[in-house]
Amino acid sequence: MPELPEVETVRRGLSDSVVGARIESARVRHPRAIRRHELGRRDFVDRVAGYEILAVRRRGKFLWWQLAADDQPQLALIAHLGMSGQFRLTDKQRVVDRHARATFRLADTRTVVFRDQRTFGWLRLDDWDGDGVPEPVRHIGLDPFDPAYDQKQVAIGMARSESGIKRLLLSQNLVSGVGNIYADEALWRAQVHPETSGSSLAEEGCRRVLDQVAAVMTAALDAGGTSFDPLYVSVNGESGWFDRSLDAYGREGLPCRRCGHAILRERFTNRSSHRCPECQPAPFV
DNA sequence: CCAACTACCTGTTAGC
DNA sequence: TGCTAACAGGTAGTTG
Numbered sequence: 130m131p132e133l134p135e136v137e138t139v140r141r142g143l144s145d146s147v148v149g150a151r152i153e154s155a156r157v158r159h160p161r162a163i164r165r166h167e168l169g170r171r172d173f174v175d176r177v178a179g180y181e182i183l184a185v186r187r188r189g190k191f192l193w194w195q196l197a198a199d200d201q202p203q204l205a206l207i208a209h210l211g212m213s214g215q216f217r218l219t220d221k222q223r224v225v226d227r228h229a230r231a232t233f234r235l236a237d238t239r240t241v242v243f244r245d246q247r248t249f250g251w252l253r254l255d256d257w258d259g260d261g262v263p264e265p266v267r268h269i270g271l272d273p274f275d276p277a278y279d280q281k282q283v284a285i286g287m288a289r290s291e292s293g294i295k296r297l298l299l300s301q302n303l304v305s306g307v308g309n310i311y312a313d314e315a316l317w318r319a320q321v322h323p324e325t326s327g328s329s330l331a332e333e334g335c336r337r338v339l340d341q342v343a344a345v346m347t348a349a350l351d352a353g354g355t356s357f358d359p360l361y362v363s364v365n366g367e368s369g370w371f372d373r374s375l376d377a378y379g380r381e382g383l384p385c386r387r388c389g390h391a392i393l394r395e396r397f398t399n400r401s402s403h404r405c406p407e408c409q410p411a412p413f414v
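Under this note's numbering, the first residue of the first sequence carries the number 130, and numbering increases by one thereafter.
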């Protein structure tokens, strides 16, 4: 499941390989991939052709290609990888891939393939002048790697909420880029129970959690950036993923690496939370 | 406005 | 062996 470190790895891989290239043509192979592009498939395909890729940018888990063409409005091709989205580059003329949802033929004859087994990911095209972020990304909070990220302000915002800290981390509202895996990892590192309210943690407690969010994401990015193909980020624990160094997520029943107690898995809003019952005890309510 | 719930998907695995 | 059910979970839309 791509969270911020994985999306950033994809961004770097794309940036290294496609910046400066021109999109000759596009194909949409599955209508669901462009369900968020309001003007539909024909508009998407027609409009993107001929544009040059100036840069690949990211906020949280949202990724976008900055596009420009002579005498044409500037555009952003926005991508969200959802659960299983990937970009691949190929020199092949024909893309034989049952999960390929859209393809972009470049003028140099390479093809960028957007593939997505579970189809939670999407692409859309929007006018964007290059300032700030495109409209569909505007509701997303800054992520911990953004130069303008202000951890103190995020901690203050969290401390104002009665919601549980894990919910706050996952909301993409105050801070973006955190998914279920890194939320569990950061809370394990900070020794905080996921249902502890922001207000009871107070600014200082929230700051300690956010320190660990940044630390675990930096570690994952360091691991990811060197150990696998950025244009083929694995979906779920395939080759060389960061899960080797996970301390909580997916470790139900295994001994806590800090105290030896068995890690618990609990239901949390239709998904799983992993925690150590000893290091992260339930808060007083 | 905020919080909580659910639909959207499909490949894999567990269980009978 | 073959079938069914559970599971993985980010986002956006809906409901309260």
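Every residue, glycine too, gets a C-beta built ideally from N, C-alpha and C. Note that this is a predicted model, so its numbers are computed, not measured.
Note to self: At the level of alpha carbons, what is the spacing between Glu324 and Pro410?
What the structure shows: Counting from 1 along the first sequence, the entry for residue 324 is found at position 195. Counting from 1 along the first sequence, the entry for residue 410 is found at position 281. The straight-line gap separating the alpha-carbon atoms of Glu324 and Pro410 is approximately 10 Å.
Item checked: Span of the alpha helix (DSSP H), counted from its first residue to its last, around Ala319 -> Residue mapping note: residue 319 aligns to position 190 of the first sequence, counting from 1. Segment Asn309 to Ala319, the alpha helix (DSSP H) holding Ala319.
Notebook entry, point to check: To the nearest angstrom, how far is it from the Cα of Asp258 to the Cα of Gln195?
Noted result: Here residue 258 refers to the residue found at position 129 of the first sequence. Here residue 195 refers to the residue found at position 66 of the first sequence. Taking the Cα positions, Asp258 is about 9 Å away from Gln195.
Check: Over what stretch of residues does the alpha helix (DSSP H) that includes Ile294 continue unbroken?
Finding: As a first step, residue 294 is located in the first sequence; it is residue number 165 there, counting from the start. Element bounds for Ile294: Ile294 to Leu299.
Check: So what does Gln215 bridge to, in DSSP terms?
Finding: Position 86 of the first sequence, counted from the start, is the residue given in the question as residue 215. DSSP, once it has assigned bridges, lists Arg244 as partnering Gln215.
Notebook entry, point to check: In this structure, does DSSP put Ile152 in helix, strand or coil?
Noted result: Here residue 152 corresponds to residue number 23 of the first sequence, with the count starting at 1. Ile152 carries a strand assignment under DSSP once its states are collapsed to helix, strand and coil.
Item checked: Residue range of the beta strand (DSSP E) that includes Phe173 -> Mapped onto the first sequence, residue 173 falls at position 44. According to the DSSP assignment, Phe173 belongs to no beta strand (DSSP E) but to the alpha helix (DSSP H) extending over Gly169 to Val177.
Item checked: Buried or exposed by the 16-neighbour rule on C-beta atoms within 10 Å, applied to Val242 -> In the first sequence, the residue the question calls residue 242 occupies position 113. Result: buried.
Next item on the list: Could you please give the first and the last residue of the uninterrupted alpha helix (DSSP H) stretch that includes Asp145?
Entry: By 1-based counting over the first sequence, the position of residue 145 is 16. Segment Leu133 to Val147, the alpha helix (DSSP H) holding Asp145.
Item checked: Minimum C-alpha distance to Ala236 - residue among Asp200, Ser305, Ser144 and Ala150 -> Counting from 1 along the first sequence, the entry for residue 236 is found at position 107. Per the Cα distances, Ala150.
Check: With which residues is Gln195 paired in a DSSP beta bridge?
Finding: Position 66 of the first sequence holds residue 195. Gln195 is bridged to Ala184 and Ala205.
Margin query: To the nearest angstrom, how far is the alpha carbon of Asp275 from that of Glu291?
Written below: In the first sequence, residue 275 corresponds to position 146, counting from 1. In the first sequence, residue 291 corresponds to position 162, counting from 1. C-alpha separation (whole angstroms): 26 Å.
Note to self: When you compare the CB positions of Pro265 and Arg247, do they come within less than 8 Å of one another, or not?
What the structure shows: The sequence position of residue 265 within the first sequence is 136, counting from 1. The sequence position of residue 247 within the first sequence is 118, counting from 1. Not in contact: Pro265 and Arg247 (Cβ atoms no closer than 8 Å).
Notebook entry, point to check: Near Arg170, what residues of its chain come up, given a Cβ to Cβ distance below 8 Å and the 5 sequence neighbours on each side ignored?
Noted result: Locating residue 170 in the first sequence gives position 41, where the first residue counts as 1. Cβ neighbours of Arg170 beyond the five flanking positions: Val157, Pro160 and Ile163.
Notebook entry, point to check: What separation, rounded to the nearest whole angstrom, lies between the Cα atoms of Gly308 and Ala178?
Noted result: Indexing the first sequence from 1 puts residue 308 at position 179. Indexing the first sequence from 1 puts residue 178 at position 49. Computed Cα separation, rounded: 34 Å.
Notebook entry, point to check: Run through DSSP, which three-state label would Ala377 get?
Noted result: What you label residue 377 is simply residue 248 of the first sequence in a count that begins at 1. When DSSP states are grouped into helix, strand and coil, Ala377 belongs to the coil group.
Notebook entry, point to check: If Ala391 and Glu332 are in contact, beta carbons under 8 Å, what's the gap, nearest whole angstrom?
Noted result: Reading the first sequence from its first residue, position 262 is the one you call residue 391. Reading the first sequence from its first residue, position 203 is the one you call residue 332. About 33 Å separates the two Cβ atoms, so there is no contact after all.
Notebook entry, point to check: Nearest-angstrom Cα distance between Ser374 and Cys388?
Noted result: Here residue 374 refers to the residue found at position 245 when the first sequence is read from its first residue. Here residue 388 refers to the residue found at position 259 when the first sequence is read from its first residue. Going from the Cα of Ser374 to the Cα of Cys388 covers about 17 Å.
Check: Under the three-state reduction of DSSP, which class applies to Leu210: helix, strand or coil?
Finding: The residue given as residue 210 occupies position 81 in the first sequence. Of the three classes helix, strand and coil, the one that applies to Leu210 here is coil, per DSSP.
Note to self: Please classify His268 as buried or exposed, where buried requires at least 16 other C-beta atoms within 10 Å of its C-beta.
What the structure shows: Here residue 268 is taken as the residue at index 139 of the first sequence, counted from 1. For His268, the number of other beta carbons within 10 angstroms of its own is below 16, and it is reported as exposed.
Check: For Asp255 versus Gly211, is the C-beta spacing smaller than 8 Å?
Finding: Position 126 of the first sequence holds residue 255. Position 82 of the first sequence holds residue 211. Not closer than 8 Å, so no.
Notebook entry, point to check: Thinking just about the alpha-carbon of each residue, which of Arg289, Gln301 and Ala348 is nearest to the one in Lys329?
Noted result: Locating residue 329 in the first sequence gives position 200, where the first residue counts as 1. A small correction: the amino acid at residue 329 is Ser; Lys does not occupy that position in the sequence shown. Of Arg289, Gln301 and Ala348, the residue nearest in Cα terms is Arg289.
Note to self: Measuring alpha carbon to alpha carbon, tell me which residue in Leu393, Trp193, Leu168 and His209 is nearest Val147.
What the structure shows: Numbered from 1 along the first sequence, position 18 holds the residue referred to as residue 147. Taking only the C-alpha atoms, the option nearest Val147 is Trp193.
Notebook entry, point to check: With burial defined as no fewer than 16 other Cβ atoms inside 10 Å of the residue's Cβ, what is the status of Glu367: buried or exposed?
Noted result: In the first sequence, residue 367 corresponds to position 238, counting from 1. In this predicted model, Glu367 has a pLDDT of only 42, less than 50, meaning its place in the structure is not dependable; the value taken from the coordinates is given anyway. Result: exposed.
Next item on the list: Assuming Leu437 and Phe216 form a contact by the criterion Cβ under 8 Å, report the distance between their Cβ atoms to the nearest whole angstrom.
Entry: Given that the chain is displayed from residue 130 to residue 414, the structure contains no residue 437 and the question cannot be resolved.
Next item on the list: Figure out for me which residue from Arg227, Phe191, Phe173 and Glu167 has the closest Cα to the Cα of Leu271.
Entry: Locating residue 271 in the first sequence gives position 142, counting from the first residue. It is Phe191.
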